[in-house]
Amino acid sequence: MKNPVFALIDCNNFFVSCERVFRPDLATKPVAVLSSNDGCVVARSNEVKALGIPMAAPAFKYREIFDRHGIVKFSANFELYGNMSRRITELLTTITPRIEVYSVDESFLDLSQLDIRDHTAWGHKVRESILQWTGLPVSIGIAPSKSLAKLASDRGKKVPALDGVLSLMGNPETDWHLSQVPVGDVWGIGWRLAPKMRAEGAGTALHLAQLSPQRAQQLMGIRGRQLVAELNGISCFPLDLEHQKPKSILRSRTFGEDTSLASVIEAALASFATTAAFRLRRSSQLARRAGIFLDTNKHKPGFRRWSREVIYQVPTADTGQLISDTINLFSQIYSPRMSYHRAGVWLGDFRPADYLQTDLLGAIDPAKHDRAQARMQAVDVLNERFGKRTIRYATEDLAQKWQPRHHTRSPRYTTRPDELPTAKIVP
DNA sequence: TCTGGGGTCCTAGGACCC
DNA sequence: TCTGGGGTCCTAGGACCC
């Protein structure tokens, strides 16, 4: 058994970098990407960070700074970002199959089986090929634990002299790097724990690493104890290769405008149920629970949330059933006097898709179940071949008014040929 | 007027059983 | 009648992540 070596590959300002690949004219301009409804800032170029605009800042509060500095705004284009993300994943998979895709812009690699003599040089080589093949700048951290790899990639990004790569494998400066990282920037220390750690005298990652395991567990539970060990180079969080199977699925949106109309909300719920069920089928699972929730505006007085759920004796991934059940749940909590701001559908308590055959045969009507399976498979095949929403349920079409606004979305360059710019050749 | 969307894990407490 | 302890399952809420 070899000693663990992890690399974290982390895309810099990911959404902004994706936009810049297709807009090289923006390479040195301040650029921000906004969430659904153009509500919050979800990605910032370094220039925007330098202007003091924080992550998740409500866009309307910073409009003046946006205008004054000519910040270029994009509505989030997740189809583009997802596609760019897959390109990087494919590239990394050629290095080693032992990869954990941790998020849309971060992957861990297990390097322990590879024959790498100089980890820093290896990091620079990987960084250059990703830049060459995708146009995206990344930072790379290499260390004996995931938490240290994460911290190292962050240092690689922030310290210009490191040029995007830091290896903490046998690095005599490890303690010094730890001493430069505020405790709140450590992976796993959020806004609640950071003040608590500072009060304990642990203001930096180095101080945190020096806590006794007992004290760490007292203050932060078992995860905290493991985190402290990780900072000392003892790996507690293994590579998660099964990451791709979700344990719950949520689809929700803030509406383009608040609404009291049942038909609008039903159309939204039908649409959420459809995409959630598709994702569920793609993961080869069935749900034993499904639920909905409705919210008023949480930033206005009198904020309220309503929710209902249904438990299935026979788990399902059938879109038709999920739509009719969510609409039914909705009718139990809907009041025409309320003004709704946001709604969502969630699925949970999953079983493997072959569970019905192995465990419930006899308890269900097999013919009926097979027909439902065949129906959903046909829908998925047609939609894959001819485009999303080729086949859909009528409830989705009751209204479009719920759909979020996205006034400044860029073309989906890599997935929608019809949105590509056209070049005219002038003779 | 205008404040996102999607996840995971841990813990404490209650119900229930032996 | 009262007493003890342990195990499991479920749920709600908290905390974190990107």
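First residue of the first sequence? That's 3 in our numbering, and the numbers climb one at a time after it. Quick reminder that beta carbons are idealized off the backbone N, C-alpha and C, glycines included.
Can you check which of these residues, the options, is closest to residue i by C-alpha distance?
i	options	result
H408	C13, G389 and V43	V43
L1	G41, F388 and V230	The question about residue 1 has no answer here: the residues shown for the chain are numbered 3 through 429.
I11	T417, A154, K63 and D420	A154
N385	F280, S326 and R290	F280
T122	V103, L243, L111 and I142	I142
F17	D107, G54 and R100	D107
G166	L180, A151, S114 and W178	A151
R344	I55, K390 and P406	P406
G431	R418, P99, L164 and L213	Residue coverage of the chain in this structure runs from 3 to 429, which leaves residue 431 outside it and unanswerable.
R391	V428, T321, N173 and P174	T321
W135	Y342, S341, R88 and Q246	R88
S337	D242, L263, P56 and K159	L263
Y314	V183, D351, A355 and I97	D351
P6	L213, Y357, Y342 and S114	S114
L243	D356, N14, P197 and Y104	Y104
G172	E130, D120 and E202	D120
N330	V312, A319 and P174	V312
K247	A52, M57, V128 and E102	E102
E130	C13, L358 and D356	C13
Tell me where the beta strand (DSSP E) around residue i begins and ends.
i	result
F257	S250 to T261
G137	G137 -> no beta strand (DSSP E), and no H or E assigned at all.
A289	Q287 to D297
F110	E108 to D112
V7	No beta strand (DSSP E) contains V7, which DSSP labels as neither H nor E.
S105	I101 to S105
I'd like the span of the alpha helix (DSSP H) that includes residue i, first residue to last.
i	result
Y83	F80 to I97
L164	Unbroken run through L164: none, as it is neither H nor E.
L282	A264 to R284
I427	Run containing I427: none; DSSP gives neither H nor E here.
Excluding five sequence neighbours on each side, which residues of the same chain lie with their C-beta closer than 6 Å to the C-beta of residue i?
i	result
K403	V266
A308	Note that residue 308 is Trp in the sequence shown, not Ala. Hits under 6 Å: L296 and I335.
A59	V43
L349	I251, A278, L282, A289 and A292
L168	G143, A154, R157 and G158
H179	R157
H112	One detail in the question is off: residue 112 reads as Asp in this sequence, not His. For D112, where only same-chain residues beyond five positions count, the Cβ hits under 6 Å are R100 and L241.
I366	V316
Cutting at 8 Å between CB atoms, please list the residues of its own chain near residue i, excluding the five before and the five after it.
i	result
V347	L252, R253, S254, L271, F274, A275, A278, A292, G293, I294, L324 and T328
A334	Correcting the residue identity first, residue 334 is Gln in this sequence and not Ala. Here the set comprises R310.
C20	N79, L82, Y83, M86 and L138
P1	Given that the chain is displayed from residue 3 to residue 429, the structure contains no residue 1 and the question cannot be resolved.
H225	The sequence shown places Arg at residue 225, not His. The answer, listed in chain order, is G190.
K249	G350 and F352
Y342	F257, D260, T261, S262, I267, L296, D297 and T298
T98	L111, D112, L113, Q115 and L116
R1	The chain is shown only over 3 to 429; residue 1 falls outside these bounds and no answer can be derived.
Excluding sequence positions up to five away, which residues of its chain have a Cβ less than 7 Å from the Cβ of residue i?
i	result
L195	M222
I132	I90, L93, L138 and V140
R353	Q287, L288, R290 and P317
M199	V185, I191 and L210
I118	W124
Closer than 7 Å: is that where the CB of residue i sits relative to any heavy atom of the ligand GDP?
i	result
D382	The model depicted lacks the ligand GDP and carries no ligand whatsoever.
Original post:
Which parts of the stretch 300-384 are runs of the alpha helix (DSSP H), unbroken and 4 residues or longer, counting only runs that do not cross its ends?
Top reply: 321-335 and 357-361
Subject >> Every unbroken alpha helix (DSSP H) inside the stretch 12-76 [4 residues or more] >> reply: 16-24, 48-52 and 65-70
Original post:
For the stretch 397-415 against the stretch 264-278, are there 3 or more C-beta pairs whose distance is under 8 Å?
Top reply: yes
Original post:
Given 8 Å as the limit, is there contact between the stretch 235-242 and the stretch 146-155, that is, 3 or more CB pairs closer than that?
Top reply: The stretch 235-242 makes contact with the stretch 146-155; the number of CB pairs closer than 8 Å reaches 3 or more.
**OP:** State whether the stretch 282-293 contacts the stretch 406-419, with contact taken as three or more CB pairs (one from each stretch) at a distance under 8 Å.
**Re:** no
Subject >> the stretch 296-306 in contact with the stretch 378-387 per 3-pair CB rule at 8 Å >> reply: no
Subject >> Inter-stretch contact at 8 Å, needing at least 3 Cβ pairs: the stretch 68-80 / the stretch 34-43 >> reply: yes
Original post:
Does the stretch 213-223 touch the stretch 251-261, meaning 3 or more C-beta pairs lie closer than 8 Å?
Top reply: The stretch 251-261 is not in contact with the stretch 213-223.
Subject >> Segment contact flag, the stretch 364-375 with the stretch 303-313, C-beta cutoff 8 Å, min 3 pairs >> reply: no
Subject >> Contact the stretch 26-33 vs the stretch 44-52: 3+ CB pairs below 8 Å >> reply: yes
Subject >> Runs of beta strand (DSSP E) wholly within the stretch 138-217 (minimum 3 residues, chain order) >> reply: Runs of the beta strand (DSSP E) inside the stretch 138-217: 140-145 and 167-169.
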